[in-house]
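Take a look at the structure below.
2 protein chains.
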Amino acid sequence: MAIERDWRCDDPKQQLIWAAATRDALQVLEGKWKIVIICQLFGAKGPLRFSELEKRVEGVNQKMLIQQLKELEKDGIVTRTVFPQVPPRVEYALSEMGIALGPSMAELIDWAFMRRDARAAVSQDPA
Amino acid sequence: MAIERDWRCDDPKQQLIWAAATRDALQVLEGKWKIVIICQLFGAKGPLRFSELEKRVEGVNQKMLIQQLKELEKDGIVTRTVFPQVPPRVEYALSEMGIALGPSMAELIDWAFMRRDARAAVSQDPA
DNA sequence: CGGCATCCGGGATGATACTG
DNA sequence: CAGTATCATCCCGGATGCCG
């Protein structure tokens, strides 16, 4: 991983650069539903319609879903395709930059399962 | 990665389980500063004092830092160690569960650099 | 009917001053 | 140094309406 060249080094200057890049990138993912949306777009193997996303991102409301999708589109993470039909059809997909988040999201989901299993084990065996 | 067994499968039931685990885990990371805090704890090779975190998590204020740290501690991601001294000394470190986030955070930071470089290239070469 | 915008209340977040 | 208290601000959520 290229990250090794900058990460966990002792040079304060490098650490500042690292912190800045991280901050900028994380700012793009900031927002209550963005990571969930991205994970769902990964879970689906192709583009998702707005209504599909609304179902998969459990607990979100239309307003927030639209807002977060707009920001993700503006930041170049997802693409939005409108099909001029009646009834309307809008599809959302991951952009190249969004797809590049794949390894990170996969690890995150892996962690989610690890965590779930660990907690299940504890509640089953409270001895 | 164990994730392959559940992720991106076509079984709707598995997808529900996957979505639930992901949602629960992401909820733990929900909060404007949590991922930044975790990344900084990774960037440092050891525990960090409160004041150190305050400097490294740029833009955060004391109240939010304390709040997010409390939640992370409650959710078992970080540990908090108090040294009975004057002046007080409190160190924060990643727990086992927090350390398990390492691969995911490393990928995330890797993505951050990739993104930064891509954007730098675009702004340098607008042709 | 599907995708999206607007208005308003409540909770999360931010700035500042203060305490042990 | 680490944490608390208070008040202002902003994001989020629900309801409703618009438009093709």
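Heads up: the protein sequence lines correspond to chains U and R, in order. Per this note's numbering, residue 82 is the first one in the first sequence, and the count goes up by one each step. Per this note's numbering, residue 82 is the first one in the second sequence, and the count goes up by one each step. All C-beta atoms in this analysis are idealised placements derived from N, C-alpha and C, irrespective of residue type, glycine included. Note that the structure is predicted; figures quoted are calculated from it, not measured.
For residue j and residue i, the rounded distance between their alpha carbons
i	j	result
residue 114 (chain U)	residue 137 (chain U)	12 Å
residue 98 (chain U)	residue 151 (chain U)	28 Å
residue 142 (chain U)	residue 118 (chain U)	12 Å
residue 174 (chain U)	residue 148 (chain U)	16 Å
residue 189 (chain U)	residue 153 (chain U)	19 Å
residue 191 (chain U)	residue 124 (chain U)	13 Å
residue 126 (chain R)	residue 171 (chain R)	17 Å
residue 181 (chain R)	residue 194 (chain U)	11 Å
residue 145 (chain U)	residue 133 (chain R)	35 Å
residue 135 (chain U)	residue 183 (chain R)	30 Å
residue 167 (chain R)	residue 128 (chain U)	58 Å
residue 162 (chain U)	residue 116 (chain R)	31 Å
residue 94 (chain R)	residue 94 (chain U)	49 Å
residue 82 (chain U)	residue 204 (chain U)	Low confidence applies here, because residue 82 (chain U) scores a pLDDT of 48, under 50, leaving its location unreliable; read the following figure in that light. Residue 82 (chain U) and residue 204 (chain U): Cα-Cα distance of roughly 37 Å.
residue 112 (chain U)	residue 155 (chain R)	22 Å
residue 92 (chain R)	residue 92 (chain U)	49 Å
Buried or exposed (CB count within 10 angstroms, at least 16 for buried), residue i
i	result
residue 121 (chain R)	buried
residue 185 (chain U)	buried
residue 100 (chain R)	buried
residue 202 (chain U)	exposed
residue 164 (chain R)	exposed
residue 206 (chain R)	exposed
Residue of the options minimising C-alpha distance to residue i
i	options	result
residue 179 (chain R)	R:159, R:143, R:95 and R:110	R:159
residue 169 (chain U)	U:175, U:203, U:183 and U:131	U:131
residue 96 (chain U)	R:96, R:139 and R:102	R:139
residue 157 (chain R)	R:177, R:171, R:146 and R:166	R:177
residue 103 (chain U)	R:103, R:205, R:187 and R:204	R:187
For residue i: DSSP bridge partner residues
i	result
residue 174 (chain R)	R:160
residue 129 (chain U)	U:173
**Request:** Could you tell me whether the stretch 196 to 203 of chain U touches the stretch 104 to 111 of chain U, where touching means 3 or more Cβ pairs closer than 8 Å?
**Result:** In the pairwise beta carbon analysis, the stretch 196 to 203 of chain U is classified as not touching the stretch 104 to 111 of chain U: fewer than three pairs are separated by under 8 Å.
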